[in-house]
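Those protein sequences? They're chains L and A, same order as listed. Just so we're aligned: the first sequence equals residues 114 to 413 in my numbering. Just so we're aligned: the second sequence equals residues -17 to 175 in my numbering. Notes for the one structure printed next.
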Amino acid sequence: MQDIRRFLRSTLILLSLSLVLQGQKLTLPLRSGSVRLAAIGDMGNGTTRQYELAGMMYSFHEKFPFDFVVMLGDNIYGGNTSTDFKNKFELPYKMLLDHGVKFYASLGNHDNAAVEKAYKPFNMNDQQYYTFKKGNVQFFALDSNYMDPKELAWLTKELQNSGADWKICYFHHPLYSSAAFHGSSLELRQILEPLFVQHGVQVVLAGHDHVYERIKAQKGIYHFVAGSGGELRRGDLRKTELTEVGYDQDQVFLLLEISGDELNFQAVSRVGKTVDSGSIHRNSKSNGGLATEQRDSRAN
Amino acid sequence: MRTLFWVLAIASGLPGKSILVPTIQNEKPALSAQEAALTKDFSDRIKAYIALQKKLEASLPGLKSSNDSAEIASHALTLRVMIIEARPNLQQGNIFTPEMSAHFKSTIRKTFQEPGSGVVRRTVQEGDPPKPIVVRVNGVYPDDSPVITTPPTLLARLPELPKELTYRILGHAFVLLDNKTNLIVDFIPDAIP
């Protein structure tokens, strides 16, 4: 009887382990020379769950060595002492930082702009909004807390002058979100979306709502909400016709790989479960480079 | 009431629904001579504040960026104290003069109450509320308090600020905030309807 119990327990453990390992499978193609990054939002709360998600990010970094992480705001909650920065950024992401992974922050509504934009590891160079290029991809980190005419003029000029194949904008407040707590930022959408469409932005990353959601392409643009990098609002997602895939049961980070005209993505939970994956294809010959095709998407 | 707000908010977020919003393009109307004089006076006061800030900061060890957040925070705190000491007895209205306050209030009220202004109000309402504080000149916006997004439609209608300053909403007050020190430079009480 005892042997049967032991056998059953071992089988159960092995089964669980195999499920976990299976869940941790990398779906990204790992192409040579590709641009590789992770995206996290609303992470800086210093909780065990933030650390656990950061640990999972590192575990995936070993299989998918991404060079940098874009931060979608609410990077440091509840204060700006050196202890806050240590407990909510430097320690949870120590393994990644030690491996030379760079972080590029955008500001959320809980961030102290005065301190964070001058904090070197956030790579903001004392700017509230900025742009940088990696390979054939140009990233635009925006300040959605304060979208004044100056920032809009800057963004318009930078988008106009960008010769990059891929243009990815990231900021805190989502233009589209099906979460109940905040939802879509309608005023920002009215202002930014025409600019994005006109200048061929293909992908927008945001946080603010503490869930993961991939929105069905809107006017040719793919929107991701990845605001559960530390905070989580379990059960907050009200899946609407906007939702392609949504997950609000655990913390999630997003991995992106861009190579040529293809962008692959994989969203991974704190326990290593792949909650979404797929690819987006850039149409280089027409439509101003807008991403118009998507395939292989999968949700668990 | 709160439920009704969320029902309306979620409904207005659905795709395909046409949303009436104020346009942000060319929002600054031509100014009358009186308004132009007011704006010039406002601009001069802003310039004087920035000149003071720069002069005081020049006396501190230079700090563009640092790996040490404590060093950045300490720099900001020192500058804040110096600014407070340099303008110790200033009251509400030191930059938002009564005439300018009236002009701002009128613009704010229009932006929040005109047809289609629901999205503007929503921008303010959907954020996490800041910690309640007594708003006063030389007061400090709490480091650990969230900020409300200042509606872009409103920003397009107000005089542009240098990057060292921002307009912020704190309850019903409209606040002029020093970006480097989180210091309340001036404010207009009861400006937000």
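For each residue, glycine too, the CB sits at the ideal point set by N, CA and C.
Hey, how far is the Cα of residue i from the Cα of residue j?
i	j	result
Asp278(L)	Thr269(L)	17 Å
Arg149(L)	Asp23(A)	51 Å
Glu271(L)	Gly296(L)	28 Å
Lys215(L)	Ile28(A)	37 Å
Leu265(L)	Gly320(L)	20 Å
Ile170(A)	Gln241(L)	25 Å
Glu344(L)	Ser195(L)	21 Å
Asn238(L)	Pro144(A)	18 Å
Asn225(L)	Glu96(A)	32 Å
Asn236(L)	Val122(A)	26 Å
Leu376(L)	Asn249(L)	11 Å
Lys87(A)	Phe173(L)	53 Å
Glu177(A)	Thr163(A)	Because residue 177(A) is not part of the residues shown, which for chain A are -17 to 175, the question remains open.
Thr135(A)	Pro141(A)	13 Å
Pro133(A)	Asp168(A)	19 Å
Ser41(A)	Leu61(A)	9 Å
Leu38(A)	Ser298(L)	39 Å
Name the chain A residues that come within less than 7 Å of residue i, Cβ to Cβ?
i	result
Ser219(L)	By Cβ distance, chain A contributes nothing, its closest Cβ being about 13 Å from Ser219(L), past 7 Å.
Gly157(L)	Correct list: empty, because the minimum Cβ distance to chain A is about 12 Å.
Tyr360(L)	By Cβ distance, chain A contributes nothing, its closest Cβ being about 19 Å from Tyr360(L), past 7 Å.
Asp239(L)	Lys46 and Ser47
His286(L)	Thr131
Asn396(L)	Result: empty, since nearest Cβ-Cβ is about 22 Å, beyond 7 Å.
According to DSSP, simplified to helix, strand and coil, what is residue i?
i	result
Arg149(L)	strand
Asn151(A)	Rather than Asn, the amino acid found at residue 151(A) in this sequence is Ile. Of the three classes helix, strand and coil, the one that applies to Ile151(A) here is strand, per DSSP.
Glu17(A)	helix
Glu357(L)	strand
Val183(L)	strand
Leu139(L)	coil
Glu418(L)	Only positions 114 to 413 of chain L appear in this structure, which leaves residue 418(L) out of reach.
Ser275(L)	coil
Thr244(L)	strand
Ser390(L)	strand
Tyr283(L)	strand
Ile328(L)	strand
Tyr289(L)	coil
Val102(A)	helix
Ile166(A)	strand
Arg347(L)	coil
Leu318(L)	strand
Gln107(A)	helix
Ala254(L)	strand
Leu72(A)	coil
Tyr190(L)	coil
Asp50(A)	coil
Going by the beta-carbon positions, is the gap between residue i and residue j smaller than 8 Å?
i	j	result
Gly68(A)	Ala227(L)	Correcting the residue identity first, residue 68(A) is Ala in this sequence and not Gly. Going by C-beta atoms, Ala68(A) is not nearer than 8 Å to Ala227(L).
Val101(A)	Gln362(L)	no
Val106(A)	Ile151(A)	yes
Asp155(L)	Ser341(L)	yes
Tyr259(L)	Thr21(A)	no
Asp187(L)	Gly159(L)	no
Ala178(A)	Pro262(L)	Outside the modelled stretch of chain A, which goes from -17 to 175, sits residue 178(A), for which no answer is possible.
Ser147(L)	Glu370(L)	yes
Val384(L)	Tyr325(L)	no
Phe378(L)	Ser397(L)	no
Ser48(A)	Lys233(L)	yes
Ile328(L)	Val314(L)	no
Ser99(A)	Lys113(A)	no
Cys282(L)	Val317(L)	yes
Ser291(L)	Arg346(L)	no
His312(L)	Leu301(L)	no
Val119(A)	Leu72(A)	yes
Note down, in chain order, every chain L residue with its Cβ under 7 Å from the Cβ of residue i.
i	result
Asp126(A)	Gly191 and Gly192
Ala138(A)	Pro262
Ile54(A)	Val228, Ala231 and Tyr232
Thr132(A)	Tyr259
Val129(A)	Asn222 and Asn258
Ala40(A)	Chain L residues near Ala40(A): none, gap ~16 Å exceeds 7 Å.
How about residue i: is its Cβ closer than 7 Å to a heavy atom in the ligand HEM?
i	result
Tyr123(A)	Absence of the ligand HEM is noted for the structure shown, with no ligands found whatsoever.
Since residue i meets chain L, which of its residues come closer than 8 Å, beta carbon to beta carbon?
i	result
Glu108(A)	His295, Gly296 and Ser298
Arg187(A)	Since the displayed chain A opens at -17 and closes at 175, residue 187(A) lies outside it and no answer follows.
Val101(A)	Leu299, Glu300 and Gln303
For a contact defined as C-beta to C-beta under 9 Å, what are the partners of residue i on chain A?
i	result
Lys233(L)	Ser47, Ser48, Asn49 and Asp50
Asp211(L)	Within chain A, no residue comes near Asp211(L); the closest Cβ sits about 14 Å away, beyond 9 Å.
Asn200(L)	Within 9 Å Cβ-Cβ: nothing; Asn200(L) doesn't reach chain A, min ~11 Å.
Ser452(L)	What the structure shows of chain L is the stretch from 114 to 413, and residue 452(L) is not part of that stretch, so it cannot be assessed.
Counting only Cβ pairs nearer than 8 Å, list the residues of chain A close to residue i.
i	result
Asn188(L)	Per Cβ cutoff of 8 Å: no residues; Asn188(L) is ~11 Å from chain A at best.
Review point. At a Cβ cut of 9 Å, what residues of the segment 143 to 173 of chain A count as close to chain L, listed as they run along the chain?
Key: Leu143, Lys145, Thr148, Tyr149, Arg150, Asp160, Asn161, Lys162, Thr163 and Asn164
**Study point:** Residues of the segment 369 to 393 of chain L with Cβ closer than 7 Å to any Cβ of chain A, in chain order
**Key:** none
**Study point:** Proximal residues, the segment 54 to 76 of chain A versus chain L, C-beta separation under 7 Å
**Key:** Ile54, Ala55 and Ala58
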